[in-house]
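These protein sequences, in sequence, are chains A and B.
Everything in the first sequence is counted per numbering that gives the first Met the number 0, starting at 0 for the first residue and increasing by one.
Everything in the second sequence is counted per numbering that gives the first Met the number 0, starting at 0 for the first residue and increasing by one.
No residue lacks a Cβ here, since even glycine has one placed at the ideal position from N, Cα and C.
First the structure, in the form of structure tokens, and then the observations on it.
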Amino acid sequence: MKIIKDKAIVEDSWTHYDGTGDIPAGDLIVPLAVWKEMDLSGRKVGLRLEPDDHPGDMVDDLDSFDLIAINFPSFNDGRGYSYAKILRDRFGYSKEIRAIGDVMRDQIFYMQRCGFNAYEVKADRDIKDALHAFDDFTVTYQTSADEAVPLYRRK
Amino acid sequence: MYIYNQHDQQIVEQRAAQFRDQVKRRLSGELKEDEFRMLRLQNGLYLQIHAYMLRVAVPYGLMSSRQLRMLSAIATKYDRGYGHMTTRQNIQFNWPNLEDVPNILDDLATVQMHAIQTSGNCIRNISADQLAGVARDEVVDPRPYAEIMRQWSTFHPEFAYLPRKFKFAFTGAKQDRAAIKFHDIGYRAVKNDTGDIGFEVYVGGGMGRTPMIGKVINSFVPEADLITYTEAIMRVYNQFGRRDNKYKARIKILVHELGVEEFTSRVDAEFAALGREGAVPLDRAEIERVSAYFTDPDYAELPDQCGALEQNLLDNKDFSFWYKQNVLSHKKAGYAIVNLSLKKPGVPPGDITDKQMLVVADLADQYSFGELRSTHEQNLVFADVRKEDLFDLWQSLRDTGFAEPNIGTMQDMICCPGLDFCTLANARSIPIAEKITRRFDDMDYLYDLGELKLKMSGCINACGHHHVGHIGILGVNKKGTEFYQITLGGDATDTASIGKIMGRGFPEDEIIPALEDILKIYIDIRTPGERFIDTYRRVGAEPFKAIYEEFSLRGAEL
Numbered sequence: 000m001k002i003i004k005d006k007a008i009v010e011d012s013w014t015h016y017d018g019t020g021d022i023p024a025g026d027l028i029v030p031l032a033v034w035k036e037m038d039l040s041g042r043k044v045g046l047r048l049e050p051d052d053h054p055g056d057m058v059d060d061l062d063s064f065d066l067i068a069i070n071f072p073s074f075n076d077g078r079g080y081s082y083a084k085i086l087r088d089r090f091g092y093s094k095e096i097r098a099i100g101d102v103m104r105d106q107i108f109y110m111q112r113c114g115f116n117a118y119e120v121k122a123d124r125d126i127k128d129a130l131h132a133f134d135d136f137t138v139t140y141q142t143s144a145d146e147a148v149p150l151y152r153r154k
Numbered sequence: 000m001y002i003y004n005q006h007d008q009q010i011v012e013q014r015a016a017q018f019r020d021q022v023k024r025r026l027s028g029e030l031k032e033d034e035f036r037m038l039r040l041q042n043g044l045y046l047q048i049h050a051y052m053l054r055v056a057v058p059y060g061l062m063s064s065r066q067l068r069m070l071s072a073i074a075t076k077y078d079r080g081y082g083h084m085t086t087r088q089n090i091q092f093n094w095p096n097l098e099d100v101p102n103i104l105d106d107l108a109t110v111q112m113h114a115i116q117t118s119g120n121c122i123r124n125i126s127a128d129q130l131a132g133v134a135r136d137e138v139v140d141p142r143p144y145a146e147i148m149r150q151w152s153t154f155h156p157e158f159a160y161l162p163r164k165f166k167f168a169f170t171g172a173k174q175d176r177a178a179i180k181f182h183d184i185g186y187r188a189v190k191n192d193t194g195d196i197g198f199e200v201y202v203g204g205g206m207g208r209t210p211m212i213g214k215v216i217n218s219f220v221p222e223a224d225l226i227t228y229t230e231a232i233m234r235v236y237n238q239f240g241r242r243d244n245k246y247k248a249r250i251k252i253l254v255h256e257l258g259v260e261e262f263t264s265r266v267d268a269e270f271a272a273l274g275r276e277g278a279v280p281l282d283r284a285e286i287e288r289v290s291a292y293f294t295d296p297d298y299a300e301l302p303d304q305c306g307a308l309e310q311n312l313l314d315n316k317d318f319s320f321w322y323k324q325n326v327l328s329h330k331k332a333g334y335a336i337v338n339l340s341l342k343k344p345g346v347p348p349g350d351i352t353d354k355q356m357l358v359v360a361d362l363a364d365q366y367s368f369g370e371l372r373s374t375h376e377q378n379l380v381f382a383d384v385r386k387e388d389l390f391d392l393w394q395s396l397r398d399t400g401f402a403e404p405n406i407g408t409m410q411d412m413i414c415c416p417g418l419d420f421c422t423l424a425n426a427r428s429i430p431i432a433e434k435i436t437r438r439f440d441d442m443d444y445l446y447d448l449g450e451l452k453l454k455m456s457g458c459i460n461a462c463g464h465h466h467v468g469h470i471g472i473l474g475v476n477k478k479g480t481e482f483y484q485i486t487l488g489g490d491a492t493d494t495a496s497i498g499k500i501m502g503r504g505f506p507e508d509e510i511i512p513a514l515e516d517i518l519k520i521y522i523d524i525r526t527p528g529e530r531f532i533d534t535y536r537r538v539g540a541e542p543f544k545a546i547y548e549e550f551s552l553r554g555a556e557l
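Structure follows, in structure tokens:
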């Protein structure tokens with residue numbers, strides 16, 4: 000599967016696994032419960048966060064994950080934006096933060112500003128088109144994950 | 000007023016281009032309606048009963064004559080020749096075609112206007128005291144702060160998909176004219192003992208089906224912390240506000256369910272954490288940069304007494320009524336503040352035609368430094384008129400239809416679009432408002448009633464602010480028939496209160512008789528000079544319940 004990572008289209012090396020059936024080979028993205036209960040040693044593990052899973056509840060474990068995938072069951076549920084921001088700014092998480100679920104071109108610009116750097120664009124959308132999202136705006140007012148100072152100090 | 004720099008301009012132009020592309024993708028079928036819906040709403044575009052409706056932002060209600068001329072041109076070219084001033088100081092166009100909206104946004108961008116975040120579950124356009132900068136009771140001019148917050152909230156990446164819509168209001172005066180206690184966040188700019196500027200912050204006010212009065216969660220947030228403190232509130236809300244039920248998703252419910260204390264402590268903790276993470280304080284230089292756009296206009300030094308005005312007031316009774324009712328005193332000697340009433344029997348409250356807009360723009364140029372304001376009570380204001388010009392201005396306003404001497408009277412009612420336009424409404428409101436303004440059109444009677452805030456909504460969402468009307472009317476629908484409930488005792492000002500429902504709703508034909516009965520009771524029991532709201536507060540609802548007996552006597556079925 001192709002994803003967008005660091006503003007480029009790349010082949011994804013990760014597999015989502017929800018804990019049912021045989022454990023697939025390779026690097027896995029799993030829910031917190033699966034990571035806690037199953038032996039996943041010998042591979043890279045990514046954590047899948049749902050909107051109800053607050054990153055503050057798993058601060059001590061964050062180092063164990065090579066990736067955090069934040070799920071957007073619906074694009075309307077904006078909790079994931081705050082979670083990404085908190086993971087970056089508060090918990091210093093510096094590896095991949097990936098948006099999954101209802102991820103479309105029109106949300107990606109905001110997502111990257113909040114600290115996401117990878118996107119599983121919805122299957123029925125043109126991933127090449129989604130790349131244009133990064134060019135929607137060349138100017139932004141606020142500080143965010145991608146801007147340490149507000150616009151008025153940048154001039 | 001604030002003038003865009005190249006960055007501000009670039010942002011609105013890029014937004015227009017982005018929306019043009021989104022419309023293209025919608026028309027091609029690539030975007031589904033439910034996906035497009037959130038995108039168009041964040042650009043103020045609603046789908047109403049008959050057509051799309053575009054809500055254009057008027058930040059804190061301030062407009063230039065040039066901008067008004069563009070709004071007029073848009074009304075002519077893309078709409079049916081009129082616009083509608085809203086209860087949050089914006090202007091709506093009721094009939095644009097979807098295909099035309101990108102062009103409208105391009106036109107708006109040429110005069111530094113846009114429709115950004117006038118709807119959707121994001122931080123909405125910011126409203127403020129319509130008398131900011133000219134009111135005598137003002138402590139701090141809130142406009143620079145409202146503009147700073149406009150910029151900060153524009154495309155804030157973290158807060159574009161909140162649980163529900165989010166509204167800010169600003170005042171810097173002693174008397175609250177911006178209904179700050181009925182906003183998600185209300186800010187009152189104040190000065191502390193050492194003269195430093197800060198904000199009293201009210202959170203969790205609102206109307207809708209669960210009306211609540213905002214609570215003070217901090218009585219002095221220093222100006223340097225305005226943005227970071229707001230960010231802390233927004234982040235607590237974005238993470239913990241309810242998303243399981245649209246009707247419980249506003250911040251007022253979160254504040255209510257957590258309790259003010261717990262909510263405040265979460266905000267404080269978030270604020271402290273943001274500080275540790277390097278939040279950038281709002282610096283004085285930026286406040287001064289923005290404040291420089293809101294300095295006093297080039298006032299003439301005039302005596303406060305104006306002989307010509309005094310003479311005209313003596314000579315012309317109609318002029319003197321208008322002066323007494325629609326003109327307010329100004330902080331600057333020799334100047335006055337003029338309300339343009341957009342409430343006239345036969346016209347939906349807040350409506351203004353393209354031709355009227357052009358006249359108003361010319362009058363603003365001639366008499367008020369080329370600027371005007373919109374008010375949350377759906378009127379317009381010329382903030383800086385020389386007293387010696389008032390008589391001439393009045394004559395021009397009379398010719399345009401904006402000199403009805405009814406500001407603050409029962410005719411000056413707030414009203415939502417209702418079932419004639421809105422997909423949410425349960426009942427019509429504009430035709431009822433029209434009946435009321437026609438029936439209560441005797442100015443002597445209205446003046447005798449004194450200040451009386453009448454507000455009407457066509458459904459429980461309360462866009463017509465019925466909860467805070469001294470008399471409120473709420474349209475409901477029972478088995479296909481419209482009924483109208485009456486509430487008494489609401490107040491949107493510093494002495495905020497939420498109106499109480501009198502009892503069962505009245506059928507349409509019985510609203511006017513019921514209002515007549517309420518007013519009769521009020522006139523009978525008021526003390527000399529006592530306003531309706533004060534009488535109600537003194538005696539309570541009980542004496543007014545007699546209206547149901549009168550209703551039965553008329554033979555109507557309850």
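Listing by chain order, which chain A residues have their CB less than 9 Å from the CB of residue i?
i	result
B:Met37	Phe74, Asn75, Asp105
B:Ala159	Gly77, Tyr80, Gln106, Tyr109
B:Val279	Thr142, Ala147, Val148, Pro149, Arg152
Does any CB atom of chain B fall closer than 7 Å to the CB of residue i?
i	result
A:Ser93	no
A:Lys84	yes
A:Asp134	no
A:Tyr157	Residue 157 of chain A lies beyond the stretch modelled for chain A, which goes from 0 to 154, so this question has no answer here.
A:Asp88	yes
A:Val102	no
A:Pro149	yes
A:Gly112	A small fix is needed here, since residue 112 of chain A is Arg in this sequence, not Gly. Yes - at least one Cβ of chain B is within 7 Å of the one on A:Arg112.
A:Ile3	no
Note the first and the last residue of the continuous alpha helix (DSSP H) segment covering residue i.
i	result
B:Lys330	Note, B:Lys330: premise wrong, no alpha helix (DSSP H); not H, not E.
B:Thr263	259 to 275
B:Glu230	225 to 239
A:Gly79	78 to 88
Please confirm whether residue i has its beta-carbon closer than 7 Å to some beta-carbon of chain A.
i	result
B:Arg149	no
B:Gln47	no
B:Gln484	no
B:Gln394	no
B:Gln41	no
B:Gln111	no
B:Gln17	yes
B:Glu541	no
B:Arg372	no
Please compile the residues from chain A whose C-beta is within a distance smaller than 7 Å of the C-beta of residue i.
i	result
B:His155	Gln141
B:Arg242	Asp76
B:Glu276	Asp88, Arg89
Within 7 Å of any Cβ in chain D, is that where the Cβ of residue i sits?
i	result
B:Asn237	Judged by its chain identifiers, the structure shown contains no chain D, and its protein chains are A and B.
Can you pull the chain B residues whose beta carbon is under 7 Å from the beta carbon of residue i, in chain order?
i	result
A:Val138	His6, Gln9, Ile10
Who are the neighbours of residue i on chain A, taking C-beta pairs under 8 Å?
i	result
B:Ala272	Arg89
B:Gln13	Asp135, Phe136, Thr137, Val138
B:Arg123	Result: empty, since nearest Cβ-Cβ is about 15 Å, beyond 8 Å.
So residue i and residue j are supposed to be a Cβ contact under 8 Å. How far apart are they, rounded?
i	j	result
B:Arg19	B:Ala114	Wrong, their Cβ atoms sit about 13 Å apart, outside the cutoff.
B:Lys560	B:Met211	Only positions 0 to 557 of chain B appear in this structure, which leaves residue 560 of chain B out of reach.
B:Gly457	B:Gly417	3 Å
B:Gly471	B:Gly489	5 Å
B:Gly240	B:Pro221	The pair is not a contact, with the Cβ atoms about 26 Å apart (cut-off 8 Å).
B:Leu161	A:Gly77	6 Å
B:Gly203	B:Lys214	6 Å
Grab the span of the beta strand (DSSP E) containing residue i for me, first residue to last.
i	result
A:Thr108	The sequence given here has Phe at residue 108 of chain A, not Thr. No beta strand (DSSP E) contains A:Phe108, which is instead part of the alpha helix (DSSP H) from 104 to 112.
B:Gly370	What sits at residue 370 of chain B in the sequence shown is Glu, not Gly. Where B:Glu370 is concerned, the enclosing beta strand (DSSP E) stretches over 370 to 373.
B:Glu199	196 to 202
B:Asp350	350 to 352
B:Tyr334	334 to 339
Checklist entry - Below 8 Å, can you find three or more Cβ-Cβ pairs linking the region 470 to 488 of chain B to the region 505 to 519 of chain B? => result yes
Next on the checklist: Below 8 Å, how does it come out for the region 337 to 344 of chain B and the region 293 to 313 of chain B: are there three or more Cβ pairs, yes or no?
Outcome noted: no
Checklist entry - Are there three or more Cβ pairs, one per stretch, closer than 8 Å when the region 102 to 113 of chain A is compared with the region 143 to 150 of chain A? => result Between the region 102 to 113 of chain A and the region 143 to 150 of chain A, the count of C-beta pairs closer than 8 Å reaches three or more; the two stretches touch.
Checklist entry - Does the pairing of the region 163 to 174 of chain B with the region 138 to 146 of chain B give three or more beta-carbon distances under 8 Å? => result yes
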